[in-house]
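Structure, as structure tokens:
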Amino acid sequence: MPRTEVEPYDVIVIGGGASGLAAALSAARAGARTAVVERDVACGLPILSTGNGRCNLSNTLLHPGHYRHPEVARTVMGATPEEDLSAWFHSIGLATCREGNLLFPMSKRAESVRDALLAACERSGVELICCCEPVRATWRESSAVQEPRGAATAERGAWKLDVLAPTRLLRAHRARDAKAELRALRKALSVAPKRSHALFARTVVLAPGGSSEGVCQLFDLPHLEESPVLCPVSCTPLDDRGRAGADLLARLDGLRAEAELSLLRDGELVWRERGEVLFRSYGLSGVVTFNLSRRVETGDRIEVDLFPDTPEPALADAFRMRERVVGDMGPRAYRWFDGMLAPALGRAVILLGTGTREGCARAAKHLGFRANGRTETGVAQVKRGGIPFSATDLSTLSVTHPSNAAAAGTLFACGEALDMDADCGGYNLAWAWISGARAGRSAARATRP
């Protein structure tokens, strides 16, 4: 049963994703009476889809340069984030393993991460209140607060949260699997009659994920417009002279290639990274393209280097030597690259390079595209925007309330609610765990006299 006005929570966390559960667990471990308010049918559901269901927990090299605001990341995550996270995972009973620099649960299953977090929260006394949507937040400057177990009352301020929740337990027909059951429960929630009731808390941690605008409006907080990142990029092929290449992407659709992507703006190199590129009819996708999407602007030039380990002159020489084996290259020798490139890519290089060794070497090293912007944003892994760091105390992750000085030091934020995003590779989840833990500890400390 949720606590009433007479006995409020010390900490309420709005949002039961990765950062919210980390915040709640840390607050409870610091001695705070803690609850998580989650609008979905269960907590931790976003975790299940991370890392294609394997949950790339973190990275063993958490360099601040992978983050949108490197100095902020350096300050919040501390000097030894890798060691700190390793200890934290151990503390919740989660065994981990490495694939290169990527950190995964040993089971390679995202549900193991969610289960470990929920079990740790249960052991620490965190109350999980699901199917519950905040609709109003009001600061009460003084409130007669009954301390637990009959302790003396004290005059303190508190947040009153009006929330909508179903009037009865959700019921859904037995489903064939977990995903079907989840869909059924969500459908039941969408049509269930709801009523409003109030929750009270001395401090609140905002952890709504990448949809923080509504929560910020409830608390009258500043908010930067959100936009999806870590997603595919729409682009138009260019030939060696900067002209559009006819139907190139249509012929490459679905093809994957290990390559190096370069981003150029006004002729200057902005960024470069190796990885798997997935060609699509609309542009480029794949992990390395997702990282590019964080930096790209409309009109930028994107270059795909299909032979990143070989300089262009050496590649032309290699093509000359290959001609001795497979015959002359020629402008229509479309299978000339068999054994080196996929047939569709080989054909593209031959056409763009006009069948000459030097031209094909350049085309293979500088396969060019004009960026049109991000696309397929429904698959974006994170959102940019949220609460600006100009309104945030980095030492505690408390958020300044611009219209209520009396509420100072009672609101905290973490995870995607803050204006932070990072590259693929576990960096975003690392930020969620670390910022959540810091916000939760700070919120718990703020409740002490």
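Residue numbers (this note's numbering): 234 to 682. Built from N, CA and C at the ideal position, the CB exists for glycine as well.
Discussion item. Just to confirm before moving on: does the CB-CB distance between N524 and E506 stay below 9 Å?
Written reply: yes
Worksheet item: What did DSSP end up calling Y175 once you bin it into helix, strand or coil?
Response: There is no way to answer for residue 175, as the model of the chain reaches only from 234 to 682.
Discussion item. Can you give me the C-alpha to C-alpha distance between A263 and L254, rounded to a whole angstrom?
Written reply: 14 Å
Practice prompt. Would you decide whether P546 is buried or exposed? Buried here means 16 or more other CB atoms lie within 10 Å of its CB.
Written response: exposed
Item to complete: Give the secondary structure of C468 by DSSP, where H, G and I count as helix, E and B as strand, and everything else as coil.
Response: strand
Discussion item. At the level of alpha carbons, what is the spacing between A387 and A624?
Written reply: The predicted model places A387 with a pLDDT of 42, which falls under 50 and marks its position as unreliable, so this point remains unresolved.
Worksheet entry | Contacts around F322, its chain only, beta-carbon distance under 6 Å, and the 5 residues preceding and following it disregarded | T329
Item to complete: Report back the beta-carbon spacing between A431 and A417 to the nearest angstrom; my notes put them in contact at under 8 Å.
Response: Rounded, the Cβ-Cβ distance is 30 Å, inconsistent with contact.
Discussion item. Between the alpha carbons of A260 and L351, how many angstroms are there, rounded?
Written reply: 14 Å
Worksheet item: Can you pull the DSSP bridge partners for P461?
Response: K616
Fill in: Continuous alpha helix (DSSP H) stretch holding F602: start and end
Segment 600-607 is the beta strand (DSSP E) holding F602; no alpha helix (DSSP H) there.
Worksheet item: If we count Cβ pairs, one from each stretch, closer than 8 Å, do we get three or more for the stretch 588-598 versus the stretch 437-457?
Response: no
Practice prompt. Could you say which of P470, D533, L482 lies nearest to W504 if we only look at CA atoms?
Written response: D533
Item to complete: Quickly, what does DSSP pair C330 with across the bridge? List them, please.
Response: F337
Discussion item. Cutting at 6 Å between CB atoms, please list the residues of its own chain near V437, excluding the five before and the five after it.
Written reply: I245, W392, L644
Practice prompt. Report buried or exposed for D486, applying the criterion of at least 16 other Cβ atoms within 10 angstroms of its Cβ.
Written response: exposed
Worksheet entry | Beta-carbon proximity check, R419 vs C363, cutoff 9 Å | no
Worksheet item: Who are the near neighbours of F433 in its chain, counting only those whose CB is closer than 6 Å to its CB and skipping five residues on each side?
Response: E238, P241, A391, K393
Fill in: CB of A639 within 9 Å of CB of W372, strictly
yes
Item to complete: Determine the burial state of S252: buried for a count of at least 16 other Cβ atoms within 10 Å of its Cβ, exposed for fewer.
Response: buried
Worksheet item: Does DSSP put V193 in a helix, a strand or coil?
Response: An answer regarding residue 193 cannot be provided, because it is not within the stretch 234 to 682 covered by the chain.
Worksheet item: Assuming T469 and N605 make a contact with CB atoms under 8 Å, what is their CB distance in whole Å?
Response: 6 Å
Worksheet item: Mind checking D410: buried by the 16 CB within 10 Å criterion, or exposed?
Response: exposed
Worksheet item: Hey, how far is the Cα of A581 from the Cα of N334?
Response: 34 Å
Worksheet item: Taking just the CA atoms, how far does E332 sit from R287?
Response: 12 Å
Fill in: Where the alpha helix (DSSP H) containing F322 begins and where it ends
314-324
Discussion item. My assumption, with CB atoms under 8 Å, is that L397 sits in contact with V368. Please give the rounded CB distance.
Written reply: 6 Å
Fill in: E609 versus L327 - alpha carbon distance
34 Å
Worksheet entry | Euclidean distance between Cα positions of A265 and L481 | 59 Å
Worksheet item: What residue does the alpha helix (DSSP H) around P303 start on, and which one ends it?
Response: 303-310
Fill in: Nearest-angstrom beta carbon gap, G277 and G249 [assumed within contact, 8 Å]
6 Å
Worksheet item: With 16 as the cutoff for other CB atoms within 10 Å, does A596 come out buried or exposed?
Response: buried
Worksheet item: Is the stretch 669-680 touching the stretch 296-308, taking contact as three or more C-beta pairs under 8 Å?
Response: no
Practice prompt. Return the residue from the list I280, D542, G579, G601 that minimises the CA-CA distance to S180.
Written response: The chain is shown from 234 up to 682; residue 180 falls before or after that span and cannot be answered.
Fill in: Buried or exposed (CB count within 10 angstroms, at least 16 for buried), D652
buried
Worksheet item: Between which two residues does the beta strand (DSSP E) harbouring V510 extend?
Response: 501-513
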